[in-house]
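Q:
Numbering (this note's numbering), first residue to last: 18 to 218.
#1: Could you tell me the alpha carbon to alpha carbon distance between residue 180 and residue 60, rounded to whole angstroms?
#2: Kindly indicate the opening and closing residues of the alpha helix (DSSP H) around residue 171.
#3: Under 8 Å between the Cβ atoms of residue 208 and residue 93?
#4: So, do the stretch 31 to 40 and the stretch 168 to 176 have three or more beta carbon pairs nearer to each other than 8 Å?
#5: What separation, rounded to the nearest whole angstrom, lies between the Cα atoms of residue 70 and residue 52?
#6: Is residue 134 helix, strand or coil when you go by DSSP?
#7: Specify the secondary structure class of residue 62 as computed by DSSP and reduced to three states.
#8: Does the distance from the CB of residue 45 to the CB of residue 201 come in under 8 Å?
#9: Which whole-angstrom value is the C-beta distance of residue 21 and residue 162, which I expect to be below 8 Å?
#10: Excluding five sequence neighbours on each side, which residues of the same chain lie with their C-beta closer than 7 Å to the C-beta of residue 205?
#11: Rounded to whole angstroms, what's the CA-CA distance from residue 40 to residue 19? Just pull it up for me.
#12: Could you give the DSSP three-state label for residue 109: helix, strand or coil?
#13: Check the C-beta distance from residue 89 over to residue 135 and give it rounded, since I have them as a contact under 8 Å.
#14: Output needed for residue 23: all residues of its chain with C-beta closer than 7 Å, excluding positions within five of it in sequence on either side, in chain order.
#15: For residue 132, which residues from the same chain have a beta carbon less than 6 Å from its beta carbon, with the 5 sequence-adjacent residues on both sides left out?
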């Protein structure tokens, strides 16, 4: 049990620390909405990963290449949409403007980013999926321990990222605007990369 818990903690830390569209989206949200309102978005993997894990473990390794390419294209288009939103926020940035009051925007949109990003699918197919299956076959408690460790580490790391970048906004409006611009460029780059992967294969 403890071995799988420790493996889950390690993999969860690694998954959250790797730069990707989801992490970049959380950073851009923490800069525009504030870290306190963005914290709930860190829970997005708990909302969206269940179907992803099931799909990866049971189906994804069997599907043809065109389906994986479709995921890249769909994800790329959605990320470009997010990049455009971040760019508009950067262009019209007003340090004195009140931040959005919406409390439901962050979590659903973050969950959508996670679902449309190929990263979780590849991670659960090639890295964590085999470990989860092996542990579950030994005893369900091992599988549950692995999942618990994974999400404790992942959600904790994502919360730390949100607080760290959200707090950077306190350095001043110029720094906030620069960081927002960087996040929009990064999202744009991720979107183009995923489109390229989907088209080229």
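Glycine included, C-beta positions come from ideal geometry on N, C-alpha and C. Predicted model only: the values in this text are computed from it and were never measured.
A: So, to answer that:
#1: If you take the alpha carbons of residue 180 and residue 60, they lie about 14 Å apart.
#2: Element bounds for residue 171: 157 to 185.
#3: Contact check for residue 208 against residue 93 passes: the beta carbons are separated by less than 8 Å.
#4: Look at the beta carbons and you see the stretch 31 to 40 touching the stretch 168 to 176: at least three pairs across the two are nearer than 8 Å.
#5: Pairing residue 70 with residue 52, the inter-Cα distance amounts to about 28 Å.
#6: Looking at residue 134 - three-state DSSP - the assignment turns out to be coil, as it is neither helix nor strand.
#7: Here residue 62 sits in helix by DSSP.
#8: Between residue 45 and residue 201, the C-beta spacing is below 8 Å.
#9: Cβ-Cβ separation between residue 21 and residue 162: approximately 5 Å, consistent with a contact (criterion under 8 Å).
#10: Closer than 7 Å at Cβ, skipping near neighbours: 97 and 100.
#11: Rounded to whole angstroms, residue 40 to residue 19 spans 28 Å at the Cα level.
#12: Of the three classes helix, strand and coil, the one that applies to residue 109 here is coil, per DSSP.
#13: With a Cβ gap of about 6 Å, residue 89 and residue 135 count as contacting.
#14: Closer than 7 Å at the Cβ level, and outside the excluded window around residue 23, lie 166.
#15: Only 65 meet the Cβ criterion.
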